[in-house]
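One structure is given below, encoded as structure tokens.
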Amino acid sequence: MDHTEPFAFNPFDPDVRYDPFPLYARARREHPVYVHEGLPLVSVFRYDDIQTILKDPTTWSNFFPPPPGVELRADLPPSMLLQDPPEHTRLRGLVNQAFTPRMIRRLEPRMEEIANELLDAALAARRVDLVEALTYPLPVIVIAEMIGVPMEQRDQFKEWSDGLVENLGLGLLAPEPPEVIARELQLIDEMRAYFTQLVAERRAQPRDDLLSGLVAAELEGSRLSFDEMLQMLILLLVAGNETTTNLIGNAAVALMEHPDQLARLRAQPELMPTAIDEVLRFSSPVQVDARHSKCRAEVAGQTIEAGTNVLLVLGSANRDATVFDDADAFDVGRVDNRHLAFGFGPHYCLGANLARLEAQVAIRVLLQRTRRMQRTGDERLPLHPSFIFRGFTRIPVELEA
Ligand code: HEM
Numbered sequence: 000m001d002h003t004e005p006f007a008f009n010p011f012d013p014d015v016r017y018d019p020f021p022l023y024a025r026a027r028r029e030h031p032v033y034v035h036e037g038l039p040l041v042s043v044f045r046y047d048d049i050q051t052i053l054k055d056p057t058t059w060s061n062f063f064p065p066p067p068g069v070e071l072r073a074d075l076p077p078s079m080l081l082q083d084p085p086e087h088t089r090l091r092g093l094v095n096q097a098f099t100p101r102m103i104r105r106l107e108p109r110m111e112e113i114a115n116e117l118l119d120a121a122l123a124a125r126r127v128d129l130v131e132a133l134t135y136p137l138p139v140i141v142i143a144e145m146i147g148v149p150m151e152q153r154d155q156f157k158e159w160s161d162g163l164v165e166n167l168g169l170g171l172l173a174p175e176p177p178e179v180i181a182r183e184l185q186l187i188d189e190m191r192a193y194f195t196q197l198v199a200e201r202r203a204q205p206r207d208d209l210l211s212g213l214v215a216a217e218l219e220g221s222r223l224s225f226d227e228m229l230q231m232l233i234l235l236l237v238a239g240n241e242t243t244t245n246l247i248g249n250a251a252v253a254l255m256e257h258p259d260q261l262a263r264l265r266a267q268p269e270l271m272p273t274a275i276d277e278v279l280r281f282s283s284p285v286q287v288d289a290r291h292s293k294c295r296a297e298v299a300g301q302t303i304e305a306g307t308n309v310l311l312v313l314g315s316a317n318r319d320a321t322v323f324d325d326a327d328a329f330d331v332g333r334v335d336n337r338h339l340a341f342g343f344g345p346h347y348c349l350g351a352n353l354a355r356l357e358a359q360v361a362i363r364v365l366l367q368r369t370r371r372m373q374r375t376g377d378e379r380l381p382l383h384p385s386f387i388f389r390g391f392t393r394i395p396v397e398l399e400a
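Once you know that position 29 of the sequence shown is 28 in numbering that gives the first Met the number 0, the rest is easy, because the numbers rise by one and skip nothing.
So, in structure tokens, the structure goes:
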């Protein structure tokens, strides 16, 4: 990295996105709060600053006011991800129970069964795209079964969730083009129509699934409105998909790029929990979180005006040498790993236990069932289209049983 060059952080630049870590290191040293030229936007890079912001929803809001002239649709209330306390607290309380460690542990045998079935097919083919073969289908099957939606629409789900996150974050940097907004609204309407029909089925015949739980809360009237319920279902389906797919893919890639750590994990499979948390830190699937300042505030000695969008670069916080020993090393046995990959504070990822377990099971089964796995081809892997995420849309590999 050339330190005589003026510093700039363009989160869209594909070269930066491919290996952002040297730039993050320079930012933490020289520009811990970087003002994007000409925009009411700053990026924050240090661990302590990001954690402080995530802890304080009074100053740093999850709600991003629409641009002037754009009306929010009354039937599309912001999901809990985009709400502050106390509304956020009410909505989150309705789903927390379904994601406790005890509830998630019950899903492990089923996850293992799905991973093994997917590996049967992948090993028969030998040369596969790991995303198509394993990292995409596993999370979507698991969350669909938890919510209680039939799996026949799996390809449809992928189209919906890919479409909804493709341009995530774009609006923070520039007004979104009208065709992008129109496409997103069309996808949301398709999902709402689909869930509306399922909700009617559960009202008639409740089952033991998340959908029936939400329907019960909605029927009580005071706890959840119908439109809020639909937004929650869309959030759950989308939030759990792309992120966990990226985590499992990033784990496979990091292990293939660090053969010593791969050999260590094969020899000591009991390291799987620390290994997956190390992937979360080292190659954070959500690279960038965001907040909106409600009042003037100070970060790292710099004033941030009210009404500023703030990018919190989690991928940088997780390489901060003031918190992590040998922060750029990939160490599957790392202890005391207080990464911020799932965020922090009131919006801490609802699905953290689920995502961790899915990734542990996927990589465990992948390593158990293969003697060797290696990338085919040496071209750059294609990156996820949104700068919010770090992950690859295709990972061609050869697997040897
Ligand atoms: C590796 C996988 C995952 C990563 C890296 C991840 C990351 C995150 C992060 C950083 C946040 C905080 C957003 C903020 O601060 O505003 C978050 C929130 C959330 N995540 Fe995840 N997530 C993952 C998997 C999942 C899964 C499997 C689900 C399952 C449903 C899920 C559901 C949610 C929801 C609903 C929220 C919003 C929580 C709230 O607003 O209170 N995530 N996630």
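Just so you know, even glycine gets a beta-carbon here, dropped at the ideal spot from N, CA and C.
beta-carbon residue i near the ligand HEM non-hydrogen atom, thresh 7 angstroms
i, result
"leucine 229", "no"
"asparagine 308", "no"
"glycine 350", "yes"
"glycine 168", "no"
"glycine 480", "Residue numbering for the chain in the displayed model covers 0 to 400; residue 480 lies beyond these limits and cannot be assessed."
"aspartate 55", "no"
"arginine 91", "yes"
"valine 334", "no"
"histidine 291", "no"
"alanine 238", "yes"
"phenylalanine 341", "yes"
"methionine 271", "no"
"histidine 35", "no"
"valine 130", "no"
"alanine 361", "no"
"leucine 122", "no"
"leucine 218", "no"
"alanine 253", "no"
"isoleucine 142", "yes"
"valine 139", "no"
"valine 285", "yes"
"proline 288", "In the sequence as presented, proline is not what sits at residue 288; that position holds aspartate. Yes, Cβ of aspartate 288 sits closer than 7 angstroms to a heavy atom of the ligand HEM."
"methionine 79", "yes"
"threonine 243", "yes"
"leucine 246", "yes"
Bridge partner(s) assigned by DSSP for residue i
i, result
"alanine 296", "Ile303"
"glutamate 397", "Arg126, Gln373"
"leucine 311", "Val43, Asp288"
"valine 34", "Val41"
"leucine 382", "Phe391"
Residues of its chain near residue i, where Cβ-Cβ distance is below 6 angstroms and the 5 sequence neighbours each way are ignored
i, result
"cysteine 348", "Phe341, Gly342"
"alanine 296", "Thr58, Ile303"
"histidine 87", "Met79"
"leucine 40", "Asn308"
"valine 34", "Val41"
"asparagine 166", "Val179"
"leucine 310", "Ser42, Val287, Ala289"
"phenylalanine 194", "Leu229, Leu232"
"alanine 400", "Leu122"
"glycine 332", "Leu270, Thr273"
"tyrosine 46", "Ala316, Asp319, Val322"
Short CB-CB distance (under 8 angstroms) between residue i and chain D
i, result
"proline 381", "Of the chains in the structure shown, none is chain D; there is only one protein chain."
Neighbourhood of residue i by C-beta distance below 7 angstroms, restricted to the same chain and skipping five residues each side
i, result
"tyrosine 23", "Phe44, Val312, Gly314, Ser315, Arg318"
"leucine 129", "Gly248, Ala251, Ile394, Val396"
"arginine 201", "Leu210, Ser211, Val214"
"proline 272", "Gln359"
"serine 282", "Asn249, Ala253, Arg389"
"aspartate 276", "Asn336, His338"
"aspartate 327", "Phe20, Arg318"
"proline 65", "Leu71"
"leucine 186", "Trp159, Gly162, Leu163"
Cβ-based neighbour list, residue i, same chain, cut-off 8 angstroms, excluding 5 preceding and 5 following
i, result
"glutamate 107", "Leu356, Val360"
"phenylalanine 391", "Val130, Asn245, Gly248, Asn249, Val252, Leu380, Pro381, Leu382, His383"
"valine 237", "Trp159, Ser160, Leu163, Val164"
"proline 76", "Ser224, Asp226, Glu227, Gln230"
The ligand COA heavy atom lying under 7 angstroms from the CB of residue i
i, result
"asparagine 61", "In the structure on display, the ligand COA does not appear, and the ligands it does have are the ligand HEM."
Ignoring anything shorter than 4 residues or poking outside the segment 233-292, list the alpha helix (DSSP H) runs there in chain order. Listed in chain order, the complete alpha helix (DSSP H) runs (minimum 4 residues) inside the segment 233-292 are 241-256, 258-266, 271-281.
Count Cβ pairs between the segment 146-162 and the segment 358-367 that sit closer than 8 angstroms; are there 3 or more? Cβ pair count under 8 angstroms is below three, so no.
Can you confirm whether the segment 206-225 touches the segment 83-97 when touching is taken to mean that 3 or more C-beta pairs between the two stretches lie within less than 8 angstroms? Here the segment 83-97 makes contact with the segment 206-225; the two share three or more CB pairs at distances below 8 angstroms.
I'd like to know if the segment 322-337 and the segment 283-299 are in contact, where contact means that at least 3 CB-CB pairs between them fall below 8 angstroms. By the Cβ test, the segment 322-337 is not in contact with the segment 283-299, since fewer than three Cβ pairs between them sit closer than 8 angstroms.
Can at least three beta-carbon pairs, one atom from the segment 387-395 and one from the segment 273-289, be found at a separation below 8 angstroms? Touching, per the Cβ criterion.
Segments of 3+ residues assigned as beta strand (DSSP E) that fall wholly inside the segment 79-131: Qualifying beta strand (DSSP E) stretches, in chain order: 126-128.
Cβ contact check for the segment 123-141 and the segment 226-246: 3 or more pairs under 8 angstroms: Result yes; three or more Cβ-Cβ pairs closer than 8 angstroms.
Within the chosen definition, does the segment 215-229 reach the segment 252-267 through at least 3 CB pairs nearer than 8 angstroms? The segment 215-229 vs the segment 252-267: no contact.
Just to confirm the assignment: which complete alpha helix (DSSP H) runs, minimum length 4, are found wholly within the segment 159-244? Complete alpha helix (DSSP H) runs here, min 4: 169-172, 177-203, 209-219, 225-238.
Just list the alpha helix (DSSP H) runs in the segment 311-376, keeping only unbroken ones of 4 residues or longer that don't cross its boundaries, in chain order. With a minimum length of 4 residues, the continuous alpha helix (DSSP H) runs that stay inside the segment 311-376 are 313-316, 351-368.
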